[in-house]
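K.L.:
My questions will all concern the structure given below.
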Amino acid sequence: MPLPDFLTIGAPKAGTTALHAALARHPGLFLSPVKEPKFFLTDGPPPTRGGPGDAQTYREHIWRREDYEALFGAAPPGALTGESTPFYLYDPAAQRRLHAAVPEARLIVVLRDPVERAHSNWTHLWSAGLEPVGDMVRACGEEEQRIRAGWAPFWHYLGLGRYGEQLAHLFTLFPREQVLVFRYRDLVDRPADTLDRICRFLGVETGVVTEVPRENVTAHPEPTRGHRLLSRALRTGAAVGRFLPGRLSGALTDPLERRLQQRARSRQPLTWEQREQLIGYFAQDVALLQKVTGEDFSDWLRPRERSGGLVGTRPVGQRQARNGRPQA
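As numbered in my numbering, residues 1 to 328 make up the sequence shown, in order.
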């Protein structure tokens, strides 16, 4: 069976779930039924340990070649096949595996203001009850320690936003004409134009898909005593759950997560003081990104006119992805 013709490879919390859902509506494209298989992240079985909730997510990796190829088995004749794993951009080894397997693949990269991306990432895990630190800036300060402890990439709030380094490495493997880079805000502000741009890049008909659905919208539970108690119980359940079959593990944690996110408000903007504490980490990489792409990203180093909760409240009945993996 063939491997995918195109992949959305980055970045996490930059609209890739919604983009996957939008492109799946195009009759000339076939998107994998599992949005985020993570096949190229390992050479074999994924790890079995990590941060809170990581073990359950690792179980869901599609790492066997035959299982990965089967994701595209139902594609109609002539349709281009694709998948969306936004961690491929971050991982140089994944980039090399991808190039070795499908060197002709077209790659889609969505870039989001790295401080905004980090904040959305932290809020996602806080909302899920997995993030134990209730202050986003302080949680970022623990990143190196978490990496040394083997926590999964979704916990790398700052590292995931160093796009200059990531693209510089990617362009040593893939020619630039095979890589489409655009901003997350293009999806938010100009969805029809952005989808047409992607379709032209892939070589399929434009004007067919014009809207990006609201998918994987992050809620923001208040840091109440109830939130702390439920989160602690959820993390305990996740720790115990790694020794149980998948369905039993979910039975422990899913009801707690639903309780956590009831009546949660939209993600709240960072203050300038918070933003200022993190901008310095990205300044050098933003300069590299501008050099690599030839585009201006200097607005990422200034206060934001708009931030947080860009897509509004979560649609009724929708659930947030778990550690970067969409809920069933």
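Cβ atoms here follow ideal geometry from the backbone N, Cα and C, with glycine treated the same way. Everything numeric in this text was worked out from a predicted model, so none of it was measured.
(1) Looking only at its chain, what residues have a beta carbon closer than 7 Å to the beta carbon of T48, apart from the 5 residues adjacent to it on each side?
(2) Please report how far the alpha carbon of R175 lies from the alpha carbon of D5, in whole angstroms.
(3) Could you give the first and the last residue of the continuous alpha helix (DSSP H) run that contains E83?
(4) Judging by CA-CA distance, which residue of G73, E205, H169 and V137 is the nearest neighbour of H156?
(5) Spell out the partners DSSP gives I108 in its beta bridges.
(6) Below 8 Å on the Cβ atoms is my guess for L19 versus E83; work out the distance and round it to an integer in Å.
(7) Once you ignore the five residues that flank W122 on each side, which residues in its own chain have a CB closer than 7 Å to its CB?
(8) Check for me: the alpha helix (DSSP H) holding L195 runs from which residue to which?
(9) Under the DSSP definition of a beta bridge, which residues are partnered with L29?
(10) Going straight from the alpha carbon of T194 to that of L180, what length do you get?
(11) Output the distance between the C-alpha atoms of P12 and R117, rounded to the nearest integer angstrom.
(12) Run through the region 97-153 for me and flag every whole beta strand (DSSP E) of 3 or more residues, listed as ranges in chain order.
(13) Closer than 6 Å by C-beta to L288: which residues in its own chain qualify, once you throw out the five before and the five after it? Chain order, please.
P.N.:
The structure says:
(1) A55 and Y58
(2) Correcting the residue identity first, residue 175 is Pro in this sequence and not Arg. The straight-line gap from Cα to Cα measures roughly 15 Å.
(3) It is not in any alpha helix (DSSP H) - E83 instead sits in the beta strand (DSSP E) that spans L80 to S84.
(4) V137
(5) T8 and L180
(6) The pair is not a contact, with the Cβ atoms about 12 Å apart (cut-off 8 Å).
(7) E131, M136, A139 and Y157
(8) P191 to L202
(9) L80
(10) 11 Å
(11) 8 Å
(12) 106-111
(13) G164
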